[in-house]
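Under the working numbering, think of the first position of the sequence shown as 4, with each following residue one higher.
In this text, a Cβ means the ideal position worked out from N, Cα and C, and glycines have one as well.
Keep in mind it's a predicted model, so treat the numbers as computed, not measured.
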Amino acid sequence: FKEENVIVLNADDDMLSKIPLQYSSKYYRYGIKSGEIKACDIEKEEKDIKYTLKYKNLAKEIKLSVPGIHNVYNSLAAICVGLEFGINVEDMAEALKDFQPGKMRLNIIKIGDIKIIDDVYNANPDSMKAALSVLRDLPAKRKIAVLGDMLELGEYAVEAHKEIGKLVADSHIDILITSGDMSKYIAEESKVCGMKENNIFVCNTNKEVNEILKDIIKEGDSILVKGSRGMKMEQIVQFLQERVK
4 FKEENVIVLN ADDDMLSKIP LQYSSKYYRY GIKSGEIKAC DIEKEEKDIK
54 YTLKYKNLAK EIKLSVPGIH NVYNSLAAIC VGLEFGINVE DMAEALKDFQ
104 PGKMRLNIIK IGDIKIIDDV YNANPDSMKA ALSVLRDLPA KRKIAVLGDM
154 LELGEYAVEA HKEIGKLVAD SHIDILITSG DMSKYIAEES KVCGMKENNI
204 FVCNTNKEVN EILKDIIKEG DSILVKGSRG MKMEQIVQFL QERVK
């Protein structure tokens, strides 16, 4: 790393905050709790989120057309890069407001009084946590998490799935449905951490998931569907869209 390079880091991340900044003559530290570039007064809506950007003497409202606290961090990182390139904050605010997520990436589909969170493009531990936080914050009579395997995690796979199971239980999700070989560890750990056994369904295939969903969907449900690309969980989203209509 050369002195003339620029560092942009998440000041709320315990590991990143330990990076010795003397390696660079210029750096940007962003965060919600820490950093010179901060997101304050965060307001979460159903499909978007807004906050006040504070940097030096500047206070600017930023609105994102995507849900999730992780996207606040993503936008702050983008703003840091924009500042380095001399882009006007007003222009960045407009660009961020117009940003739309790609297909199968935290798309909230509303059909009647039922909401489907389509986040099936891929999955890893961090993106699972982010998606579950969106489900947790979404107003609903019941919150249902349909979670598939997180692939390509190697020796960390079992531990990673158990970690998600604990988060499901801690997030007070009403119903958990898993699909695949590894996701059974999500189900097992959620039960260990206090989730009621009769609210946990373990499936081997997406077809089995659809059979369960067919019998339990109710008005007012919010349903998160997420798994790795290889799990083809768009089959479940498609089923839900056809079933709910």
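One or two residues paired with residue i in a DSSP bridge
i, result
"LEU179", "ALA148, ILE203"
"TYR58", "ILE40, LEU61"
"ASP224", "ARG145"
"LYS29", "VAL9"
"ASN91", "In the DSSP output, where bridge partners are listed per residue, ASN91 has none listed."
"LYS2", "Because the chain in this structure spans residues 4 to 248, residue 2 falls outside the shown range and cannot be described."
"LEU67", "ILE52"
"GLU46", "LYS53"
"LYS100", "BP columns for LYS100 are empty, so no partner."
"ASN34", "According to the sequence provided, residue 34 is Gly. The question's Asn does not apply to it. GLY34 is bridged to LYS41."
Span of the beta strand (DSSP E) around residue i
i, result
"ALA126", "No beta strand (DSSP E) holds ALA126; DSSP gives it neither H nor E."
"GLU193", "Per the sequence shown, the amino acid found at residue 193 is Ser instead of Glu. Where SER193 is concerned, there is no enclosing beta strand (DSSP E), although the alpha helix (DSSP H) it sits in stretches over 187-195."
"LYS165", "It is not in any beta strand (DSSP E) - LYS165 instead sits in the alpha helix (DSSP H) that spans 160-173."
"ILE22", "Taken as a continuous stretch (DSSP letters only), ILE22 belongs to no beta strand (DSSP E), as it is neither H nor E."
Closest by C-alpha distance to residue i, when choosing among the options
i, options, result
"ILE215", "SER136, ILE239, SER225, VAL161", "ILE239"
"ALA98", "ILE65, LYS199, LEU61", "ILE65"
"LYS259", "ASP15, LYS194, ILE114, VAL171", "With the chain represented from 4 up to 248, any question about residue 259 goes unanswered, as that position is not in the structure."
"ASP177", "LYS106, TYR188, LYS144", "LYS144"
"LEU19", "GLY38, GLU7, ASN8", "GLY38"
"TYR124", "ASN77, ARG108, MET95", "ARG108"
"LEU138", "ILE226, ILE72, ILE114", "ILE226"
"LEU56", "GLU48, ASN110, LEU86", "LEU86"
"LYS63", "GLN241, GLY71, MET95", "MET95"
"PHE102", "ASP140, ASN91, VAL75", "VAL75"
"VAL9", "ASP17, ILE22, TYR31, LYS21", "TYR31"
"LYS47", "ASP129, LEU141, ASN13", "LEU141"
"VAL92", "LYS106, LYS21, ILE40", "ILE40"
Element boundaries [alpha helix (DSSP H), containing residue i]
i, result
"VAL9", "It is not in any alpha helix (DSSP H) - VAL9 instead sits in the beta strand (DSSP E) that spans 9-13."
"ARG246", "237-247"
"LEU86", "72-87"
"ASN209", "209-219"
Close-in-space but distant-in-sequence residues of the same chain around residue i (CB under 8 angstroms, 5 per side omitted)
i, result
"PHE88", "none"
"GLN244", "ILE112, ILE114, ILE119"
"ASP51", "LYS66, LEU67, SER68, VAL69, PRO70"
"ILE22", "ILE10, LEU12"
Straight-line gap, residue i to residue j (C-alpha atoms, nearest Å)
i, j, result
"LYS29", "LYS100", "28 angstroms"
"GLU3", "GLU222", "Outside the displayed range of the chain (4 to 248) lies residue 3, so it cannot be described from this structure."
"CYS196", "ALA81", "37 angstroms"
"ASN207", "THR181", "8 angstroms"
"VAL84", "LYS199", "46 angstroms"
"ALA42", "SER78", "10 angstroms"
"GLY1", "ASN60", "Since the displayed the chain opens at 4 and closes at 248, residue 1 lies outside it and no answer follows."
"LYS146", "ILE167", "16 angstroms"
"LEU150", "LYS132", "11 angstroms"
"VAL205", "VAL212", "8 angstroms"
"TYR159", "MET185", "11 angstroms"
"LYS187", "ALA126", "16 angstroms"
"ASN110", "ASP121", "5 angstroms"
"GLY183", "SER231", "10 angstroms"
"LYS169", "SER136", "13 angstroms"
"MET236", "ARG246", "15 angstroms"
"ASP44", "ALA134", "22 angstroms"
"LYS53", "ASP173", "25 angstroms"
"GLY34", "PRO128", "21 angstroms"
Contact set for residue i: own chain, Cβ-Cβ below 7 angstroms, skip 5 residues either direction
i, result
"ILE203", "LEU179, ALA190, SER193, LYS194"
"LYS36", "ASP15"
"LEU2", "In the structure displayed, the chain extends from 4 to 248; residue 2 sits before or after that span and is not available."
Close beta carbons around residue i, own chain, < 6 angstroms, minus the five adjacent residues each side
i, result
"ASP116", "GLU222, GLY223"
"VAL69", "PRO104"
"LEU154", "SER231, GLY233"
"GLU7", "none"
Any C-beta of chain C under 7 angstroms from that of residue i
i, result
"ASP122", "You won't find chain C in this structure, because it holds only one protein chain."
Check: residue i C-beta below 6 angstroms from any heavy atom of the ligand ADP
i, result
"LYS169", "Ligands displayed in this structure: none; no statement on the ligand ADP is therefore possible."
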